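Beneath this line is the structure, given in structure tokens, with notes to follow.
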Amino acid sequence: MSQQRDQFFATLWERYTTLAPQALDIREAFRARGEDVVNDHVAFRTFNRSRFDLKAFSALLAELGYEPFDRYHFAEKRLDALAFRAEDPKAPKVFVSELRREELSPAAQEIIEALLTERPERECTRSSLLEDQAWSPPTEVNYLRLLEESEYAAWLSVMGLTVNHFTLSVNHLTGFKDVAEVNRFLSARGDKLNRAGGEVKGGPSVYLEQSSTIADRKVLTFRCGATREVPTCFYEFALRHPLPSGELFQGFVTQNADRIFESTHLKGS
Ligand code: NI
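Per the working numbering, the sequence shown starts with residue 1269, numbered consecutively.
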């Protein structure tokens, strides 16, 4: 199982770095300083009440030895999420969120329903996360309609089930004491950081501090033939602090994650 899992993450990283070349470049910059680059977690996004929902992800991740261990809710962004971990502490954690699409307008729900039903033969399998889209992009008009209501829904409509981000573990770095130092290193290189809620999200008081870059972009061809630059994937940085028990906190913090989601927003970036 661990060999399958390693293979899965290696293939996922390859796919991710074609969408977020900045991640490859940043990883190499840390390696050039003699740092060991360890992946803390990866994150996926999906639609609820579909064959690709959290339940389907749970079954798929179970095949790789993962169990859910915590649950989160994001009221404003209309999301629910689960965190998964494997028994092997070296395996990255997995964070999967799903959009409560029934909370969008009927028009937006219809656009999403059309995407989800167009390829009924597509199932939520490991290859749907590694290969091409589970659905094809909407028309540009429909993309913009989704964007008005939910940046998350718009992103998902054009990116499908591809991985949203990988996360560099700051705990494993030897030359950087915290996320602020990592941010200074990145800014000096010219990397653009997500400033929503401040460049550093969280801290020792919530046992997790994080930052992220602004997502790379690609030119997307919509179903109608129109083209437009859309945000793809970003790179995250996480430092886990010890709980009173002495063990490192392994979960996620809703308030931090709420702003990390905004790394793929078009506004303000
Ligand atoms: Ni994350």
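Backbone N, C-alpha and C define an ideal beta-carbon position, used for all residues, glycine too.
Because the structure is a prediction, the values reported are computed rather than measured.
C-beta atoms of L1476 and H1440 nearer than 8 Å: no
V1305, DSSP secondary structure in three states: coil
Outcome for L1455 when other beta-carbon atoms lying within 10 angstroms are tallied against a minimum of 16: Looking at the sequence itself, residue 1455 is Ser, so the reference to Leu does not match. Counting Cβ neighbours within 10 Å, S1455 comes out exposed, since fewer than 16 surround it.
Minimum C-alpha distance to R1390 - residue among D1356, E1371 and R1319: R1319
T1314 vs V1364 beta-carbon contact at 8 Å: yes
Residues bridged to A1456 [DSSP beta-bridge criterion]: Note: A1456 sits in no beta bridge, so no partner.
For A1402 and S1396, the rounded distance between their alpha carbons: 6 Å
Beta-carbon spacing of E1437, D1356 below 8 Å: Rather than Glu, the amino acid found at residue 1437 in this sequence is Ser. It is not a contact, given that the beta carbons lie outside the stated cut-off.
Cβ neighbour criterion (16 or more within 10 Å) applied to Q1478: buried
Enclosing beta strand (DSSP E) for Y1503 [first to last residue]: F1502 to R1508
Whole alpha helix (DSSP H) elements within the region 1288–1360, 4-residue minimum: 1289–1300 and 1322–1330
F1337, buried or exposed, once every other Cβ within 10 Å from all chains shown has been counted against 16: exposed
Pair within 8 Å by beta-carbon distance, C1501 and A1351: no
Three-way DSSP call (helix, strand, coil) for H1433 in this model: strand
Whole-angstrom C-beta distance between E1530 and A1464, which should lie under 8 Å: 4 Å
Beta-carbon proximity list for F1517, same chain, < 7 Å, skipping 5 on both sides: Y1475, L1476, R1508, H1509 and L1511
Proximity winner among T1442, G1466, V1447 and R1353, relative to A1300 (alpha-carbon distances): T1442
Top-ranked residue by Cα proximity to T1532, from N1432, E1381, R1295 and A1291: N1432
Per DSSP, cross-strand counterpart(s) of P1499: R1485
Length of the line joining the Cα atoms of G1536 and T1285: Bear in mind that a pLDDT of 49 at G1536, under 50, signals an unreliable position, so the model cannot answer this.
Heavy atom of ligand 1 within 7 Å of I1528 beta-carbon: yes
N- and C-terminal bounds of the alpha helix (DSSP H) containing E1391: No alpha helix (DSSP H) holds E1391; DSSP gives it neither H nor E.
In DSSP terms, what S1479 is bridged to: F1505
Where the alpha helix (DSSP H) through D1526 begins and ends: T1522 to I1528
Candidates L1488, T1489 and I1482, of which the one nearest E1504 by Cα: I1482
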